[in-house]
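First up is the structure itself, then whatever we jot down about it.
Residue numbers (the UniProt record's numbering): 1 to 37.
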């Protein structure tokens, strides 16, 4: 039972981390676009 909960927790953390990375990329590209304009 604990293993399943750990597994779910890891999956959630991974997807959360990925969404943060995506947001950072989008944010950085927005800044770069503003700077280049």
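Cβ coordinates follow ideal geometry from the N, Cα and C atoms, glycine included.
Next on the checklist: Taking only three categories from DSSP, how would you classify residue 37?
Outcome noted: coil
Next on the checklist: To the nearest angstrom, how far is the alpha carbon of residue 18 from that of residue 8?
Outcome noted: Those two C-alpha atoms are separated by around 15 Å.
Next on the checklist: Less than 6 Å between C-beta atoms, sequence neighbours within five positions excluded: which residues of the same chain meet that for residue 3?
Outcome noted: Nothing meets the Cβ criterion.
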